Amino acid sequence: MKNIENGFIDYFNIDELLTEEHLLIRKSVRDWVNINVLPDIDKYNHEHESPVHLIKKLGDIGALGPFISEKYGAPGMDYISYGLIMQELERGDTAIRSTASVQSSLVMYPIQAFGSETQKQKFLPKLAKGEIVGAFGLTEPNHGSDPGSMETKFVDKGDHYLLNGAKMWITNSPIADIAIVWAKNEEGVVKGLIVEKGLEGFTAPETKNKWSLRASITGELVFDNVKVPKENLLPNVKGLKGPMMCLNSARYGIAWGALGAAADCLQTAVKYSMERKQFNVPIASFQLTQKKIAEMLTELTSAQLMAWRLGKLMNDNKATPSQISMAKRNNVFMALKIARESRQILGAMGISGDYPIMRHMMNLESVITYEGTHDIHLLITGFDVTGIPAFK
Amino acid sequence: MKALICIGHVPDTTSKIRFTDNDTKFDTTDIQYIIGPYEELGLTRLLDIKDAGTDLHITAINVGLKETEATLRKALAMGADEAVRIDIDPTDAFFVAKQIAEVFKNGEYDFIVTGKESIDYNGGQVDGMIAEFLNIPSVTGATKFDLLEGKAGFEREIDGGKEVVESVFPFVTSAGKDFAKEPRIPGMRGIMAARRKKLEVITPVEQNLKTEVSKHYLPAAKPACKMVSPDNVEELVRLLHEEAKII
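Residue numbers (this note's numbering), protein chains in the order written: chain A, 1 to 392; chain B, 1001 to 1247.
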C-alpha cells in the first residue's frame, strides 16, 4: 500500500530525480510554512487581511528571488529549487506564493536581467531581504490579455520622464515601495520604469471585496503626471519581450505552486475518506470515491513530472514560452479540478474553513486567470503548433 | 571557542516502524531521516549563542555511513561551521561514545553537546560514556545553557523544581527540551552556503562491541474501539467486567 496521506506525495519516485539539496529545500520551506503560515491563514482569509509581516520572514528564509545571484544578497539557486519553494508556499496559501512570485520573478528578475549595475546594487539586496516590497504593473483597465495595446505612456522631459496612465489587478501595489511599470515611450516602444513610492502624482488604491486571494493585497497603480528620474529606466530591454520574459519566470513558478495547493487538497480528501464512515464503512471503500482519488493522483503525478521536466529545461535555459504556457495552464487546471473533486469527497464539510480545500479552490480561480488566462495559454500552444495566431 | 555537537540521524517521527532479519534489525525501507530533535535544539542553542556575538566554532559530528551525510548537510545548512562523519555503521552507545571521545581528544575542542536521548533507540547513554572516556564533567538533560566567563551555566529540571549548575571547561552536556526555543529551520542562503563547508570523513578507531540486540518487539496493536450507547450503562459494565476485565 502506498501511503499518500502524509508527507510529500511522490507516486512516481520523482524524488529520485531531485538532489539531496532540493529535498532539504522542500522540507525546510514546508517546516517554515507549517509554523508561519498554517496556524493563522484561515483567519487572514476570513478577515480579508494580508499577513504582511511574513514578507520580511520570506526574505529571511531566502524565498524572495531564490534564483537571483548571491552577489545581490539572494541565494543563487537553480530553477527546480525555485519551483519547490513555490510549491511549498502555495500548499500554505496562494497569497503567500503570489507575494514571493511577484517579488522574485516580476520585480527582482527584470532588475537583474534588464537593470543597470547601479539599479541592481540599489534594489536587489533590499528586495531579497524583504526590507522593501515590489509590484509589477502591466495589466490595465482596458488591456489584460492584449498588453501590447497599453495606454500608459511616458515622455522625455529632459531631466526626467513624465509618466501617465493606470494599471490594475496589481499584487501588493498598496504596500509596494517600488513598482516595475511597463509603459510606452513617445515612439510607442514598451519600456520598463522603476517607480518609487512617494513620487508626486503616484497613488496605489486597494482593490477590495475579493472572494479569491483574500490574504493577498491587490490594488491599482495610478500615474498622474509622475516625474520619474531618468536613472530609473531599465536600460537593457525594449518591447513586450521585457514583461513577457518576467511572466515566463513567474508562470513557471505558478506551475509548481499549483502542485502544492493540489497536494494539500488531495491529502485532506484521502485522510477524510479513510475516517468518514457511511453505511458502516469508510467512504474510501466506495468505488466512486476511489475513482476520484485515483484520478486526482494520476493528474497530480503527471503535473509533477511536467513541472520537473520544465525545471530542467529552465536550468539549461532551453524552456520555450509555449512550454511554460502549457505547464502553467495544465497544472493550474489540474489543481482546480483536484480542489473541486476533493471538496466533493468531504461533502458538506468541504465548504468549512476547518479544511483548506474551499480556500485553495477560491484562490485557484484567480490563478487560472492571472499571468495569462486559461484560454490565452491554450491559444499560445495552438499558435506554436500551427503558426497561426488565433488571438489577433 | 570550539564546540562539538553530536548529530543523530534518526527516522522521521511519522515513520512506520518495521523490523527485518528475524526482528533483530530495523527495516529502513521508505524511511525518511531527520536530525534528532534534541540534537537539533542543541545545535540551535549553539547557533543562537554564536549569533549573539560569541566567537564559537561549531563542528557537527556523526557516526554513520554515507547516507547520514544528508543529515550532516542539514546541520551545516542550519549554520554549523564544519562537519565530521566517522565512517562506520553505529552499533551500541559504548562504541559511538568511544569514537566521539577520540575526535574530541584530537581536536582541541572546549565542550561537547549531545541530545539527551536519541528518538529511535532512546539510549540516553552516549553523553555520560563520553564524559567517562575523557574524564570530564557531564551535565545531562539540560534545559538552559549559557557560556559564562571561563565556565558554562546550565539549568536542569529535577523533581519538583530546577537545578542550577555550573561547570568548568571541558565538559559534556546533553540537550533536553527547552535547551532552545524551537529548532532553527535552514534558510535558502544557509543551504547554498553548506555546499562550500567542509565535511570530513574519518576512519573509526577499533572498539569491540559490548552489547548486541537479540530481538525487537513492536507494541501490541490497539484493539478496535467499541462504542456503547450512553443509555446502555449495563452493557458498558458488562464489557468492562467480562471483556476488559478491569472491574
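Backbone N, C-alpha and C define an ideal beta-carbon position, used for all residues, glycine too. Remember, predicted model here, so these are calculated numbers, not experimental data.
Contact check for L213(A) against A63(A) fails: the beta carbons are separated by 7 Å or more.
Interface residue (Cβ-Cβ distance to chain B less than 7 Å): N13(A) is not classified as such. Three or more beta-carbon pairs drawn from the segment 70-83 of chain A and the segment 245-258 of chain A are found closer than 8 Å, and the two stretches are therefore classed as touching. At a cut-off of 7 Å, the C-beta of I1061(B) has no neighbouring C-beta in chain A.
Secondary structure of P229(A) (DSSP, three-state): strand.
At a cut-off of 7 Å between C-beta atoms, N315(A) does not count as an interface residue with respect to chain B. Of all alpha-carbon atoms in I9(A), A166(A), D42(A), A269(A), the one lying nearest the alpha-carbon of R26(A) is that of I9(A).
In this structure, W32(A) sits near I61(A), with a CB-CB distance shorter than 7 Å. Residue pairing by DSSP puts I194(A) in a beta bridge opposite I180(A). Our two residues, T1114(B) and K1198(B), have alpha carbons roughly 21 Å apart in a direct line. Only exposed fits Q290(A), as fewer than 16 other CB atoms lie within 10 angstroms of its CB. Setting aside the 5 residues that flank it on each side, T1059(B) is surrounded in the same chain by K1002, A1003, L1004, I1005, A1080, D1081, E1082, A1083, V1084, G1107, Y1109, each with a C-beta closer than 8 Å to its C-beta; the list follows chain order. In the three-state scheme derived from DSSP, where H, G and I count as helix and E and B as strand, T1059(B) is classed as strand. Beta-bridge partners assigned by DSSP to D156(A): Y161(A). Taking C-beta atoms as the reference points, P1170(B) and F1133(B) fail to come closer than 7 Å.
Going by C-alpha positions, A215(A) is about 12 Å away from L38(A).
Under the DSSP assignment, G1190(B) falls in the alpha helix (DSSP H) whose first and last residues are 1188-1194. Just so you know, the alpha carbons of S325(A) and E70(A) end up roughly 29 Å apart.
Across the segment 18-41 of chain A, CB contacts with chain B closer than 7 Å involve E20, E21, L24, I25, S28, D31, W32, in sequence order along the chain. Going by beta carbons, K191(A) and K238(A) fall inside the 7 Å limit.
Across the set P389(A), A294(A), L288(A), the C-alpha of P389(A) shows the shortest separation from the C-alpha of S322(A). The Cβ of P282(A) sits no closer than 7 Å to any Cβ of chain B.
Looking at the backbone, the Cα of P51(A) and that of L288(A) are separated by about 39 Å. Residue pairing by DSSP places C1006(B) opposite I1061(B) in a beta bridge.
With a threshold of 7 Å between beta carbons, G1187(B) makes contact with chain A. The shortest CA-to-CA distance from Y1038(B) to any of A1221(B), K1181(B), V1228(B), A1220(B) is the one to K1181(B). Secondary structure at G1079(B): coil, using DSSP grouped into helix, strand and coil. With a cut-off of 8 Å on Cβ pairs, the segment 298-316 of chain A is not in contact with the segment 114-127 of chain A, counting fewer than three such pairs. According to DSSP, residue pairing for K292(A) in a beta bridge does not occur.
The CB of E131(A) never comes closer than 8 Å to any CB in chain B; the least such distance is about 15 Å. Shortest Cα-Cα distance from G198(A) to any of I170(A), T218(A), P229(A), I217(A) involves P229(A).
The criterion of a C-beta distance shorter than 7 Å is satisfied by G134(A) and I178(A). Rounded to the nearest whole angstrom, the C-alpha separation of E196(A) and V1063(B) is 54 Å. Closest in alpha carbon position to P205(A), among M168(A), A183(A), E187(A), K184(A), is M168(A).
D60(A) reaches chain B at G1187, counting residues in chain order whose Cβ is nearer than 7 Å.
In the structure shown, H143(A) adopts extended strand secondary structure according to DSSP, grouped into three states.
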